[in-house]
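>
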Amino acid sequence: MDFEWTADHLRLRHGAVEFAASRLADGVARRDREGDFSREAWQACAEFGLQGLLVPEEWNGAGQDLLSAVAVFEGIGYGARDNGLVFSVAAHAASCEGPLCAFGSEAQKRTWLPGLADGSVIGATAITEPDSGSHALGLATTAVPRADGWLLNGSKTFVTNAPVADLFVVYARTGPGFGGITCLLAPRDTAGLIVGPPIEKMGLRTSPMSQVYLDDCWLPSSAVVGGVGSGAMIFSQVMEVERLLVMAPAIGVMQRTLERCVAHARQRKVGSVPIGKHQAIAHRIADMELELEAARLLLYRAAWQRVRHGTATRESALAKLAVSEAYVEVCRSAVQVFGGYGYTVEYELERELRDALAATLYVGTSEIQRNLIAGLRGLG
Ligand SMILES: Cc1cc2nc3c(=O)[nH]c(=O)nc-3n(C[C@H](O)[C@H](O)[C@H](O)COP(=O)(O)OP(=O)(O)OC[C@H]3O[C@@H](n4cnc5c(N)ncnc54)[C@H](O)[C@@H]3O)c2cc1C
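So for the sequence shown, my numbering puts the first residue at 75; every next one is plus one.
Put into structure tokens, the structure is as follows:
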């Protein structure tokens, strides 16, 4: 057993912190207030290599593995402060590039991966529907054969990046049951693909989101990713990676938040006593550290498992559950440690908490992770 990152991993993470702190951390409060997605910051991420991290070198990417990507995204989370933008990039990389890299045809890869990797093409993934929600594979959007292609009808909701996306990975029903779901690629300008107005959110406000309607939307046969009926398998594979990639920045955010709390607890005096001298505050910070470190280990272990053994269903569900719940708790504690200052916009902790609250919902809620973990034990 070896708990040490390699020198290469450390170098990657350090570079990510420096890049994010210098290029992504300014103006976040304004962008958050205005719900503004920054194309400039998106492009800076692409130039740094973030969108192309997991894309093979032959398609303009860096061809890194998931462990390296976790190290980089953790560093980005630590430095960036723009959690919404980082979430948008992670979603693009995991759920749009992911299925293409693993299951796309040669032509699909050639057409889309170079642009997705260099940031000129923004990806979105549409699986959630108003009536299926957490039961993602209960989706009702239909794709019926029509003129050497497929005619799609249905509506998708909560689609991250949709307002700015150029390419949509859409999951639709081509038949009954698990084997009746198909994954298709739909460019934004496809007739019958309609992007709704942006959905206003509590947090992650710099990550745009909207509904997507498919109204007699025709896609050619060549739009199918990985074969008709393989959508559910693709989705579950993609989710294993996405749970880890979108949660990696949270480790960085928690680390940064913990460090801020330690510094504040030492420096803030009420009367003549630093608040960190009160056991109530000191223990709260010790609990924050415990939550962070336990979550961190589960995340690293799951990424290691996936790289080493190619599958990490249980491990990635445990990691997603632990990191997201710790993320909320750590950010809530930070507001408490900072008292009234923590509640002000200026201290940027209320934003961290609003951003964190989404983590127990996206990529499968905490309840769904528990169902998955218990289900693997034959329970529930
Ligand atoms: C910030 C953000 C980004 C997102 N991005 C995307 C995206 O890019 N693409 C996309 O397709 N979707 C996206 N989603 C949607 C997300 O996947 C869903 O919100 C999630 O799956 C939950 O579905 P729902 O919101 O309909 O909640 P519901 O399914 O209505 O759930 C409501 C509550 O009931 C619980 N519940 C439901 N079913 C069960 C069950 N069987 N057992 C126990 N508890 C249950 C849930 O855990 C939750 O607490 C995003 C969501 C958020 C918040």
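Note that beta-carbon positions come from the ideal geometry of N, C-alpha and C, so glycine has one too.
Is A136 helix, strand or coil by DSSP?
For the purposes of this step, residue 136 is taken as the residue at position 62 of the sequence shown. Coil, per DSSP.
> My understanding is that A136 touches G153, with C-beta atoms under 8 Å, so please give their C-beta distance in whole angstroms.
Within the sequence shown, residue 136 is the residue found at index 62, counting from 1. Within the sequence shown, residue 153 is the residue found at index 79, counting from 1. Not really, about 18 Å apart at Cβ, beyond 8 Å.
> Taking the Cβ atom as the reference point for each residue, do G197 and L241 lie within a distance shorter than 7 Å?
Translated into the one-based positions of the sequence shown, residue 197 becomes position 123. Translated into the one-based positions of the sequence shown, residue 241 becomes position 167. In contact: G197 and L241 (Cβ atoms closer than 7 Å).
> From which residue to which residue does the beta strand (DSSP E) around Y245 run?
Your numbering for residue 245 matches position 171 in the sequence shown. Unbroken beta strand (DSSP E) run through Y245: 241-247.
> If you draw a straight line from the C-alpha of L431 to the C-alpha of E131, how long is it?
Numbered from 1 along the sequence shown, position 357 holds the residue referred to as residue 431. Numbered from 1 along the sequence shown, position 57 holds the residue referred to as residue 131. Straight-line Cα distance between these residues: approximately 35 Å.
> Ligand 1 heavy atoms versus the CB of T215: any closer than 6 Å?
For the purposes of this step, residue 215 is taken as residue 141 along the sequence shown, with counting starting at 1. It does not: the Cβ of T215 is nowhere closer than 6 Å to a heavy atom of ligand 1.
> So what's L293 in DSSP terms, helix, strand or just coil?
By 1-based counting over the sequence shown, the position of residue 293 is 219. In the structure shown, L293 sits in a strand (DSSP, three-state: E or B).
> For T280, is the beta carbon positioned less than 6 Å from some heavy atom of ligand 1?
By 1-based counting over the sequence shown, the position of residue 280 is 206. T280 Cβ: outside cutoff for every heavy atom of ligand 1.
> So within the stretch 293-364, which uninterrupted alpha helix (DSSP H) runs reach at least 4 residues, ignoring any that extend past its ends?
Correct list: 305-341.
> Applying the 10 Å Cβ sphere with the 16-neighbour rule, what's the burial state of L364?
Along the sequence shown, read from residue 1 onward, the residue named residue 364 stands at position 290. Exposed: under 16 other Cβ atoms inside 10 Å.
> Do you know how far the Cα of S296 is from the Cα of A221?
Stepping through the sequence shown from its first residue, residue 221 is reached at position 147. Stepping through the sequence shown from its first residue, residue 296 is reached at position 222. Going from the Cα of A221 to the Cα of S296 covers about 12 Å.
> Going by other Cβ atoms of all chains shown within 10 Å of its Cβ, with 16 needed for buried, is C320 buried or exposed?
Reading the sequence shown from its first residue, position 246 is the one you call residue 320. The question names Cys, yet the displayed sequence has Val at residue 320. Per the 10 Å Cβ criterion, buried.
> Give me the Cβ distance between M313 and V437, rounded to the nearest whole Å; I'm assuming they're in contact under 8 Å.
Taking the first residue of the sequence shown as position 1, residue 313 is located at position 239. Taking the first residue of the sequence shown as position 1, residue 437 is located at position 363. Rounded, the Cβ-Cβ distance is 7 Å, consistent with contact.
> Round the Cβ separation of I442 and S208 to the nearest angstrom and send it over; I've been treating them as touching at under 8 Å.
Along the sequence shown, read from residue 1 onward, the residue named residue 442 stands at position 368. Along the sequence shown, read from residue 1 onward, the residue named residue 208 stands at position 134. Sure, about 5 Å apart at Cβ, within 8 Å.
> From which residue to which residue does the beta strand (DSSP E) around F232 run?
For the purposes of this step, residue 232 is identified with residue 158 of the sequence shown, where counting begins at 1. Per DSSP, F232 belongs to the beta strand (DSSP E) from 223-234.
> If V404 sits next to T331, beta carbons under 8 Å apart, how far is it from one beta carbon to the other, in whole angstroms?
Within the sequence shown, residue 404 is the residue found at index 330, counting from 1. Within the sequence shown, residue 331 is the residue found at index 257, counting from 1. Confirmed, Cβ separation roughly 6 Å.
> Restricting to Cα atoms, I'd like to know which of S112, I201, G101, A143 is closest to G89.
Taking the sequence shown and counting its residues from 1, the one referred to as residue 89 is at position 15. Among S112, I201, G101, A143, the Cα nearest to that of G89 is on A143.
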